[in-house]
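Asks: Residue numbers (numbering that gives the first Met the number 0), protein chains in the order written: chain A, 0 to 314; chain B, 0 to 539; chain C, 0 to 210; chain D, 0 to 89.
Every residue gets a Cβ at the ideal spot worked out from N, C-alpha and C, and that includes glycine.
No experiment lies behind these values; they were computed from the predicted model shown.
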Amino acid sequence: MNFPLFPPAASTIAPQTDLLFIVLVAVSALVLAVIFIPTIYFLIKYRRGRRVDRRMPELPSFKIEVTWTLITLVIFLGLYAWASEVYLKIETPPADALELNVVGKQWMWKIEHPEGISEIDQLHIPIGQNVKLILASQDVIHSFFIPAFRVKEDVVPGRYTTEWFCATEPGTYHLFCSQYCGANHAQMIGQVIAMDPAAYQRWLTQKSPGVTLAQRGAKLFRDLGCSGCHMGNSIVHAPRLEGLYGKPVPLANGQVVVADDTYIRDCILTPQLRVPGGYPPVMPTFQGHVTEDELFQLTAYIKSLATATVEGGQP
Amino acid sequence: MNALQEKLAVEIPAEDYLHCEHGLKSWLLTKDHKRIGLLYLFSILFFFALAAFAAAMMRAELLTPKGDLLIPTDYNKMFTMHGVLMVWFFLIPSIPGVLGNFILPLMLGARDLAFPRLNLLSWYLFIIGGFMALHAIVIGGVDTGWTFYTPYSTTYSNTHVVEMAAGVFVAGFSSILTGLNFIITIHKMRAPGLTWFRLPLFVWSMYSTSLILVLATPVLAMTLTLMAVERIWHVGIFNPALGGDPVLFQHLFWFYSHPAVYIMILPGMGVASEIVTCFSRKKIFGYEFVAFSSIAIALLGFLVWGHHMFVSSMSAYAGAVFSLMSFLVAVPSAIKVFNWTMTLYKGSISLDTPMIYLLGFIALFAIGGLTGIFLACLAEDVHLHDTYFVIAHFHYIMVGGMVTTFMAGLHYWWPKITGRMYPEKLGQLAALILFGGFNLTFFPQYILGFLGMPRRYHAYPPEFQIYNVLSTAGASILAIGYLMPAFYLVWSLRNGKRAGPNPWGATGLEWKTSSPPPKHNFHETPVVTEDAYNYPPLID
Amino acid sequence: MRHAALKVQFDSLEQQHEASRLGLWLFLATEYLFFGGLFLAYTVYHLLYPQAFAEAGKHTNLLCGSINAALLLTSGLTMSLGVAAIRRGASDISALWIGLTILLALAFLGVKGAEYADDIHKHLVPGSAFALSQVPSAQIFFYLYWLMTALHALHVIAGVGFMLIVLWLAKRGKFSPQYHSPVEFAGIYWGFVDVIWIFLYPLLYLLDRHT
Amino acid sequence: MKTKHLVLVWLGLVAGFIATLLLGQWRLGFFYTPVAVFIAAAQAFLVVAFFMEAKYSSRLTWFFAAAGIYWLGILFVLSLGDYFSRAWLK
């Protein structure tokens with residue numbers, strides 16, 4: 000029978016939070032000793048019926064109170080600063096990360112690679128590479144938890160959340176949904192398979208369906224009729240999407256937003272919310288007509304147009 | 000109290016509150032705070048038994064990694080039932096409803112609470128709410144967890160969410176009225192000479208608790224209303240399809256539910272101060288610090304709710320603020336623990352049953368509080384959030400803290416409530432069993448959580464099994480620790496030796512009247528001339 | 000001699016009165032925290048969707064809302080005059096003022112009912128037949144409008160009930176210049192009902208009204 | 000309390016009401032709400048102080064009235080803090 004005490008630590012963040020954990024355990028042990036040792040000593044020494052000197056000396060009790068309050072406070076503030084610094088690292092995805100899309104739905108995880116590979120309840124990633132997950136939920140709140148990487152983030156319906164990590168050790172790790180999501184919450188589990196970059200490349204080529212995510216998005220773009228207005232020589236005055244992604248967009252109300260994944264998502268689902276300046280608010284909503292997977296495909300397609308130029312006609 | 004009165008009081012008082020009236024009606028329509036306290040005692044024990052049954056089912060299921068005892072939905076209904084009943088129908092009313100009701104007016108030297116009829120109404124609201132919740136469970140149960148997170152609760156769950164929320168809503172008004180009653184009573188009904196800084200610390204802690212009950216519970220009521228209306232109407236403000244934000248629900252919910260944790264632990268801290276002083280025959284060390292730390296917890300406790308939401312997609316900056324506040328709120332709790340320890344110094348310590356429970360409490364609360372620091376650490380919480388670490392932490396606070404002090408207080412004031420003593424040796428044994436069983440149940444869950452086992456899982460990977468087996472074994476021992484008092488306390492009602500007005504030789508006005516006390520508590524309004532815990536100086 | 004209205008747990012009428020009045024104020028504190036949840040939701044979504052709120056806010060019935068604001072403010076005055084009268088011992092005049100307050104409150108409820116009928120007629124009830132469904136998140140505004148006004152109306156009804164009890168007690172000659180706590184408490188409660196409407200009025204009826 | 004004072008308070012309330020109504024016709028846009036809430040707070044103060052007689056009550060009354068507002072403030076400030084700062088970290 001074995002009693003595991005540490006989960007595998009396989010990301011760049013893991014050693015940092017584990018060090019914090021060990022220090023926390025040490026501080027706790029120290030505090031417990033400071034409480035328990037005198038308590039036990041007093042219990043034995045001052046047991047009723049024992050003849051000991053019980054005259055209470057004049058203690059500077061105010062000073063004592065202030066001292067232990069301040070000591071506690073200083074230790075706490077130190078821990079706070081340290082933990083917050085690591086947290087900001089966990090919450091700030093690096094710019095050079097490989098972006099993968101994740102859709103959570105009752106009760107499975109679907110992962111979309113830009114190369115067009117879809118996985119269910121499995122996530123293949125290369126080690127030594129920053130990976131950023133863009134998380135979306137089709138129904139309720141889920142949470143994407145990889146204990147070995149010490150990361151987790153809730154997946155909230157109606158918007159994107161992100162989570163990032165950099166795996167350090169090849170291996171197969173648990174993937175859990177940690178936010179209660181209904182009957183089969185405990186079955187919403189999977190595996191994270193961290194691989195050497197070379198093995199990962201082999202896996203990519205082997206599994207490649209031959210159609211990238213952006214190409215699937217392009218097909219969808221035509222099937223849903225988006226291209227009717229946003230492409231070619233349409234009679235409708237609609238914004239062109241070439242070169243759009245990542246650029247600032249002036250809105251009709253005077254604000255300026257950056258055309259990121261969230262903005263594109265919002266424009267498809269609630270087009271009236273943030274209408275770009277100079278265009279009539281005529282686009283219909285696609286709320287209920289596209290799934291989260293399809294939104295990812297369309298976004299991937301629009302992203303792929305970031306470097307394209309407009310053919311035929313003015314923007 | 001002069002010698003003659005002392006002698007009179009030892010004899011069985013003919014007119015005590017238990018015997019002055021008879022019949023069911025005299026109980027169900029009573030306005031006597033002591034009888035209402037007993038009504039609460041019976042009702043919360045009933046809900047505790049049901050919730051404990053649900054816990055037993057869960058622990059049995061978790062013996063094996065596969066989900067083989069219950070189907071997933073039933074498991075989910077079990078933990079929801081356990082959470083809802085334990086939180087709202089046992090923990091929150093436990094010390095305030097039972098011991099607060101019974102002892103607070105006695106401690107203040109008052110004839111009753113300020114609003115006795117309102118007090119009875121509180122109990123009825125509690126019972127109505129409780130039966131609404133039970134009804135929801137009987138007709139099919141609820142599977143949202145006690146947290147009712149949207150959009151699962153509003154749109155996806157097909158169980159009796161609205162009925163359950165309505166029960167909690169009604170019980171919430173019971174809490175509000177109890178808190179209101181206590182606050183006004185403490186302000187307006189103190190005996191002559193009983194100034195604020197002569198009050199027993201239990202009164203300070205009840206005051207802080209009541210502040211939270213009064214000011215946080217209405218927000219819960221509104222949150223549940225919004226959730227229920229959204230579920231019925233199919234339109235609402237938490238629905239992402241309309242632009243709603245499910246995270247707003249979490250803000251509103253935890254604005255109540257985090258301070259609710261302090262509703263559960265503050266009364267326990269009050270009981271602790273009473274017992275530590277009584278059984279070491281000493282003034283509390285640093286009275287003002289212990290008193291104000293209760294108020295500080297009530298004030299700061301409202302600023303920390305976001306630590307339940309560090310990975311909820313809340314802004315990282317808001318997270319940083321909530322984390323800082325969470326560290327700060329731990330300071331007053333630490334102060335209390337240090338002061339209790341210092342009170343033992345140079346005392347005359349006697350290890351009677353309440354004191355054993357209480358020492359157990361200090362240990363468990365210290366561990367629970369320190370592991371709370373782990374969860375307040377932003378980076379660490381990312382890993383530990385929603386795992387068994389959290390389960391272990393809050394059970395150390397709520398069961399190790401609140402339930403242990405409830406047992407301590409029940410034993411401490413049992414002679415006052417019933418006029419009888421319980422068998423001391425059995426009491427001590429039960430307290431030790433409880434302590435051991437508790438640690439065996441919940442300590443392994445810290446490790447489980449750190450290893451990554453998520454909460455609310457009815458099935459789990461096999462490497463987690465060993466700790467689950469330990470935990471279930473501990474739960475069986477814990478059950479014995481809870482069942483023993485049920486037997487010997489009932490036995491003592493008829494067979495216990497008569498207690499007399501002050502069996503512990505304690506200070507405090509509640510011990511200056513007969514046991515059980517007369518209907519209006521005191522034959523003569525007492526006058527207070529000294530500080531709390533003014534035990535005679537100890538020489539050797 | 001103990002006054003007939005003095006309860007056993009109190010020593011004097013002053014203590015009893017002060018305790019009850021503090022209790023009422025504390026209860027009102029819970030009331031505004033209860034409404035506070037709704038006001039928070041309103042603020043959050045107003046910040047997130049200012050255009051939607053401005054657009055949807057144009058469709059509430061400004062006339063009804065303004066009449067009701069005037070009615071409630073005036074009823075606050077009549078109620079206070081009723082309390083002032085009982086304190087002087089003029090219980091008949093007090094009853095008149097309280098009666099007038101009840102009438103104003105009923106008028107408020109009447110106008111509110113007519114307004115609701117009009118809103119329903121204009122399909123301003125969130126749901127599948129909602130008239131402004133082309134405005135994203137306008138449903139959130141109207142959902143809050145309905146909840147907030149309905150909850151306020153419930154408090155108006157409770158206030159009317161409170162005042163009716165006070166009138167009934169007054170008729171049975173229960174009050175005197177020494178003891179008239181229930182009248183005073185009805186006044187305090189009614190003030191609270193007033194305060195809520197004072198905040199609801201600009202938030203629900205006056206968003207982006209310029210033409 | 001004198002009838003004259005109560006009528007004066009009522010006139011103050013009506014003035015606030017008319018100001019709210021008229022300002023609403025102006026092109027203040029989003030800034031209307033804070034202005035209107037400020038006027039409403041002034042009106043509410045009048046009602047609380049005079050109609051509800053807080054001005055003539057014990058300090059404890061003010062304490063309870065203020066306690067509720069303080070806790071409401073906590074609810075607002077910390078919740079809105081989240082919504083305001085969500086866009087900061089990208």
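Check whether the Cβ of R34/B lies closer than 7 Å to any Cβ atom in chain C.
Replies: As a first step, residue 34/B must be located in the second sequence, where it is residue number 35. Judged by the 7 Å Cβ criterion, R34/B is not in contact with chain C.
Asks: To the nearest angstrom, how far is it from the Cα of A39/D to the Cα of A68/C?
Replies: The sequence position of residue 39/D within the fourth sequence is 40, counting from 1. The sequence position of residue 68/C within the third sequence is 69, counting from 1. Going from the Cα of A39/D to the Cα of A68/C covers about 12 Å.
Asks: State the CB to CB distance for the pair P443/B and P64/B, rounded to an integer number of angstroms; the pair is presumed to be in contact (CB under 8 Å).
Replies: Within the second sequence, numbered from 1, the residue matching residue 443/B stands at position 444. Within the second sequence, numbered from 1, the residue matching residue 64/B stands at position 65. The Cβ separation is near 15 Å, so there is no contact.
Asks: Does the beta carbon of A28/C sit closer than 7 Å to a beta carbon anywhere in chain D?
Replies: Here residue 28/C refers to the residue found at position 29 when the third sequence is read from its first residue. Judged by the 7 Å Cβ criterion, A28/C is in contact with chain D.
Asks: Hey, which unbroken runs of the alpha helix (DSSP H) at 4 residues or more fall wholly within the stretch 272–306 of chain A?
Replies: DSSP runs (the alpha helix (DSSP H)) wholly in the stretch 272–306 of chain A: 291–303.
Asks: Interface residues of chain A around V82/C at Cβ under 9 Å?
Replies: Walking along the third sequence from the start, residue 82/C turns up at place 83. Result: empty, since nearest Cβ-Cβ is about 49 Å, beyond 9 Å.
Asks: Between the C-alpha atoms of W510/B and E64/A, what's the straight-line distance to the nearest angstrom?
Replies: By 1-based counting over the second sequence, the position of residue 510/B is 511. By 1-based counting over the first sequence, the position of residue 64/A is 65. Whole-angstrom Cα-Cα distance: 30 Å.
Asks: Under a CB-based cut-off of 7 Å, is I187/C close to chain D?
Replies: Taking the first residue of the third sequence as 1, we reach residue 187/C at position 188. Closer than 7 Å to some Cβ of chain D, the Cβ of I187/C qualifies, so yes.
Asks: For V310/B, which three-state DSSP category applies?
Replies: As a working note, residue 310/B is residue 311 in the second sequence. The answer is coil: DSSP assigns V310/B none of H, G, I, E or B.
Asks: Which two residues bound the contiguous alpha helix (DSSP H) that contains V248/A?
Replies: Here residue 248/A refers to the residue found at position 249 when the first sequence is read from its first residue. That residue, V248/A, is in no alpha helix (DSSP H); its beta strand (DSSP E) goes P247 to P249.
Asks: If you draw a straight line from the alpha carbon of T32/D to that of A51/C, how long is it in whole angstroms?
Replies: For the purposes of this step, residue 32/D is taken as residue 33 along the fourth sequence, with counting starting at 1. For the purposes of this step, residue 51/C is taken as residue 52 along the third sequence, with counting starting at 1. Rounded to whole angstroms, T32/D to A51/C spans 14 Å at the Cα level.
Asks: Excluding the five sequence neighbours on either side, which residues of its own chain have a C-beta within less than 7 Å of the C-beta of A40/C, listed in chain order?
Replies: On the third sequence, residue 40/C is found 41 positions in, with the first residue counted as 1. Result list for A40/C: L143, in chain order.
Asks: To be precise: take each residue of the stretch 246–265 of chain A, compare its Cβ to all Cβ atoms of chain C, and keep it if any distance is under 9 Å. Which residues remain?
Replies: N252
Asks: Helix, strand or coil, according to DSSP, for K1/D in the structure here?
Replies: Position 2 of the fourth sequence, counted from the first residue, corresponds to residue 1/D. Coil, per DSSP.
Asks: Per DSSP, what kind of secondary structure is D265/A in: helix, strand or coil?
Replies: Sequence index remark: in the first sequence, residue 265/A carries index 266 (1-based). Reduced to three states, the DSSP call for D265/A is helix.
Asks: Are there 16 or more other CB atoms within 10 angstroms of the CB of W195/B, so buried, or fewer, so exposed?
Replies: For the purposes of this step, residue 195/B is taken as the residue at position 196 of the second sequence. By the 10 Å Cβ count, W195/B comes out exposed.
Asks: Could you tell me the boundaries of the beta strand (DSSP E) in which D153/A lies?
Replies: Your numbering for residue 153/A matches position 154 in the first sequence. Residues V150 to V154.
Asks: Can you check whether the CB of L357/B is closer than 7 Å to the CB of V43/C?
Replies: Along the third sequence, one-based indexing puts residue 43/C at 44. Along the second sequence, one-based indexing puts residue 357/B at 358. With respect to L357/B, V43/C sits apart: the two C-beta atoms are not nearer than 7 Å.
Asks: Within the continuous alpha helix (DSSP H) that includes I92/C, where are the two ends?
Replies: Counted from its first residue, the third sequence places residue 92/C at position 93. Counting along the chain, the alpha helix (DSSP H) containing I92/C begins and ends at S90 to H120.
Asks: Rounded to whole angstroms, how far is the Cβ of T29/C from the Cβ of P217/B, which I believe are closer than 8 Å?
Replies: Here residue 29/C is taken as the residue at index 30 of the third sequence, counted from 1. Here residue 217/B is taken as the residue at index 218 of the second sequence, counted from 1. Contact flag correct, Cβ pair sits at about 4 Å.
Asks: Can you find a C-beta in chain B that's less than 7 Å from the C-beta of F295/A?
Replies: As a working note, residue 295/A is residue 296 in the first sequence. Taking Cβ atoms only, chain B never reaches closer than 7 Å to F295/A, which makes this a no.
Asks: Against chain D, with Cβ distances strictly below 7 Å, would H250/B count as a contact?
Replies: In the second sequence, counting from the first residue as 1, residue 250/B sits at position 251. Cβ-Cβ to chain D under 7 Å: yes for H250/B.
Asks: Name the two residues that bound the continuous alpha helix (DSSP H) containing H384/B.
Replies: The count along the second sequence starts at 1 and reaches residue 384/B at position 385. For H384/B, no alpha helix (DSSP H) run applies, since DSSP gives it neither H nor E.
Asks: Could you check whether the Cβ of T160/A sits closer than 7 Å to any Cβ belonging to chain C?
Replies: The count along the first sequence starts at 1 and reaches residue 160/A at position 161. Not an interface residue.
Asks: I'd like to check one pair, E293/A with Q137/A: are the Cβ atoms closer than 7 Å?
Replies: Counting from one through the first sequence, the residue named residue 137/A turns up at place 138. Counting from one through the first sequence, the residue named residue 293/A turns up at place 294. Not in contact: Q137/A and E293/A (Cβ atoms no closer than 7 Å).
Asks: Per DSSP, what kind of secondary structure is R1/C in: helix, strand or coil?
Replies: As a first step, residue 1/C must be located in the third sequence, where it is residue number 2. Residue state, collapsed to three classes: coil.
Asks: Counting only Cβ pairs nearer than 8 Å, list the residues of chain A close to P135/C.
Replies: Against the third sequence, residue 135/C aligns to sequence position 136. Going along chain A in sequence order, the residues near P135/C (Cβ under 8 Å) are T269, Q271, L272 and T284.
Asks: Counting pairs of Cβ atoms below 8 Å between the stretch 195–203 of chain C and the stretch 52–68 of chain C, do you hit three or more?
Replies: yes
Asks: Taking Cβ positions, are V165/C and A185/C nearer each other than 7 Å?
Replies: Along the third sequence, one-based indexing puts residue 165/C at 166. Along the third sequence, one-based indexing puts residue 185/C at 186. Yes, the Cβ-Cβ distance between V165/C and A185/C is below 7 Å.
Asks: Does the CB of L74/D have a neighbour CB from chain B at under 7 Å?
Replies: Within the fourth sequence, numbered from 1, the residue matching residue 74/D stands at position 75. Chain B, which has a Cβ nearer than 7 Å to the Cβ of L74/D, makes this yes.
Asks: So which of S156/B, V169/B and F101/B has the shortest CA-CA distance to L133/B?
Replies: The residue you call residue 133/B lines up with position 134 of the second sequence. Looking at the Cα atoms, V169/B is the closest of the given residues.
Asks: Relative to the C-alpha of N338/B, which candidate in A365/B, S325/B and R189/B has its C-alpha closest?
Replies: Mapped onto the second sequence, residue 338/B falls at position 339. Minimum Cα distance to N338/B is reached at A365/B.
Asks: Which residues in the same chain as A190/B place their Cβ atom closer than 8 Å to its Cβ, once the five residues preceding and following it in sequence are excluded?
Replies: Here the question's residue 190/B lines up with position 191 in the second sequence. L107, G108, A109, L508, T524, P525, V526 and V527, listed in sequence order.
Asks: In angstroms with no decimal places, state the Cα-to-Cα distance between G318/B and H307/B.
Replies: If you number the second sequence from 1, residue 318/B lands on position 319. If you number the second sequence from 1, residue 307/B lands on position 308. G318/B and H307/B: Cα-Cα distance of roughly 10 Å.
Asks: Flag S84/D as yes if its beta-carbon sits less than 7 Å from any beta-carbon of chain B, otherwise no.
Replies: What you label residue 84/D is simply residue 85 of the fourth sequence in a count that begins at 1. Yes, S84/D counts as interfacial toward chain B.
Asks: Would you identify the three-state DSSP class for N129/A, choosing helix, strand or coil?
Replies: Reading the first sequence from its first residue, position 130 is the one you call residue 129/A. Looking at N129/A - three-state DSSP - the assignment turns out to be strand.
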